[in-house]
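**Student:** Quick mapping for you: the protein sequence lines, in order, are chains A and B.
Per the working numbering, numbering through the first sequence is continuous, rising by one, with the last residue being 120.
Per the working numbering, numbering through the second sequence is continuous, rising by one, with the last residue being 120.
All C-beta atoms, glycine included, are put in the ideal place defined by N, C-alpha and C.
Since we're looking at a predicted model, the values are computed, not measured.
Before anything else, here's the structure in question.
2 protein chains.
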Amino acid sequence: MADRPYTAVIDRLREVGLRPTRQRLALARLLFDTGDRHVTAEQLHGEAVTTGISVSLATVYNTLHQFTESGLLREVVVEAGRSYFDTNIANHHHFFETKSGHLIDIPADQVTIGSLPTAPNGAEIEQVDLIIRVRRRA
Amino acid sequence: MADRPYTAVIDRLREVGLRPTRQRLALARLLFDTGDRHVTAEQLHGEAVTTGISVSLATVYNTLHQFTESGLLREVVVEAGRSYFDTNIANHHHFFETKSGHLIDIPADQVTIGSLPTAPNGAEIEQVDLIIRVRRRA
DNA sequence: AACTGATCTAGAACAATTCTAAAAACCTTG
DNA sequence: CAAGGTTTTTAGAATTGTTCTAGATCAGTT
């Protein structure tokens, strides 16, 4: 954020083997410079445009997926038909407010999942998603 | 399945306040007469058509949602852009094979989730979904 | 049988996402 | 620093899964 605001982001992209293009840098800053967030592709695209960054929606989708594959983001699926991307890649869980569509992080240490069953057919566990759906009382 | 194959299903629908129409009965039998299953709307519609039951896709969607609201089904969201409906409404969890898109039930007693955090703002917990994403080794 | 509200339907509409092929940007190398 | 080859971006079309709509049909009375 100081003199050379991009160096940190550039390094972060380089580390995972992604070329630091103008679009990826801009999106990375929107995503990672503001603490943990949950965004949809449309949301992020809207932010970018508002901020004066010219980037197409297709690129936002591409970038979000590349970031996810590189482990910079985590995709959270809560509603059929909408994908959230979570900038918090630490092990944690989620509350999902069904009414508002809002996601809230739950730190991993606030939940204990004991004795996971072994995956079938010698499959490898990729991710454990615990989503607690809540309805806010009116 | 014997003499009067529909009576059980009719009662089941009546209990939850749904009129036992031809379409609902047919779909209910496809869903509930074969043990636990995970289906998408398109799948179920395909089955119905194949079985010679004339029912529109819109009705399949309506019916699946009505059944879900009535507690006869449970909706499982694993992939953005596709909804599964689970005929197993007992408390349980899921493996999700990312490659094949296959869902596998995990009985509740094979996992222990201890100390759920309290929901924010006095919200009420509606459902707890634990999904373990696995990748089958080639 | 007639009536009335619930249900069903085909097809249009919709929203989120992916695809496509061409243009632009990036990073060498000479 | 220009040329060249590759990667990335882009606008717009295409696709997918789902919902909506308005009219037709059905279920359960009276």
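Any idea if valine 58 of chain B is buried or exposed, counting beta-carbon neighbours within 10 angstroms, 16 or more meaning buried?
**Tutor:** Its Cβ being crowded by 16 or more others within 10 Å, valine 58 of chain B is buried.
**Student:** Taking 8 Å as the threshold (beta carbon to beta carbon), is glutamate 24 of chain A in contact with chain B?
**Tutor:** Judged by the 8 Å Cβ criterion, glutamate 24 of chain A is not in contact with chain B.
**Student:** Can valine 110 of chain B and isoleucine 95 of chain B be called in contact, C-beta distance under 8 Å?
**Tutor:** In contact: valine 110 of chain B and isoleucine 95 of chain B (Cβ atoms closer than 8 Å).
**Student:** Apply the 10 Å Cβ neighbour rule to valine 37 of chain B and answer buried if 16 or more other Cβ atoms are within range, or exposed otherwise.
**Tutor:** Valine 37 of chain B should be labelled buried.
**Student:** Over what stretch of residues does the alpha helix (DSSP H) that includes valine -9 of chain B continue unbroken?
**Tutor:** Note, valine -9 of chain B: alpha helix (DSSP H), -11 to -3.
**Student:** Checking 8 Å against the spacing of the C-beta atoms, do tyrosine 66 of chain B and valine 21 of chain B come in under that value?
**Tutor:** Contact: yes.
**Student:** Among B:Val116, B:Ile114, B:Arg118 and B:Ala10, whose alpha-carbon lies nearest the alpha-carbon of phenylalanine 49 of chain B?
**Tutor:** The candidate whose alpha carbon is nearest that of phenylalanine 49 of chain B is B:Ala10.
**Student:** Which same chain residues end up closer than 8 Å to isoleucine 114 of chain B when comparing Cβ atoms and leaving out the 5 residues on each side of it in sequence?
**Tutor:** Taken in chain order, the residues that qualify are His75, His76, Phe77, Phe78 and Ile88.
**Student:** In the segment 44 to 93 of chain B, which residue ranges form an unbroken beta strand (DSSP E) of at least 3 residues, counting only runs that do not cross its ends?
**Tutor:** DSSP runs (the beta strand (DSSP E)) wholly in the segment 44 to 93 of chain B: 56 to 61, 64 to 68, 74 to 79 and 84 to 89.
**Student:** Which same chain residues end up closer than 7 Å to alanine 8 of chain A when comparing Cβ atoms and leaving out the 5 residues on each side of it in sequence?
**Tutor:** Excluding residues within five positions, the ones whose Cβ falls inside 7 Å are Ala30, Ile35 and Val37.
**Student:** Determine which residues share a DSSP beta bridge with glutamine 109 of chain B and list them.
**Tutor:** Beta-bridge pairing links glutamine 109 of chain B to A:Arg115.
**Student:** For chain A, find out if any of its Cβ atoms is closer than 8 Å to the Cβ of alanine 101 of chain B; answer yes or no.
**Tutor:** Chain A, which has a Cβ nearer than 8 Å to the Cβ of alanine 101 of chain B, makes this yes.
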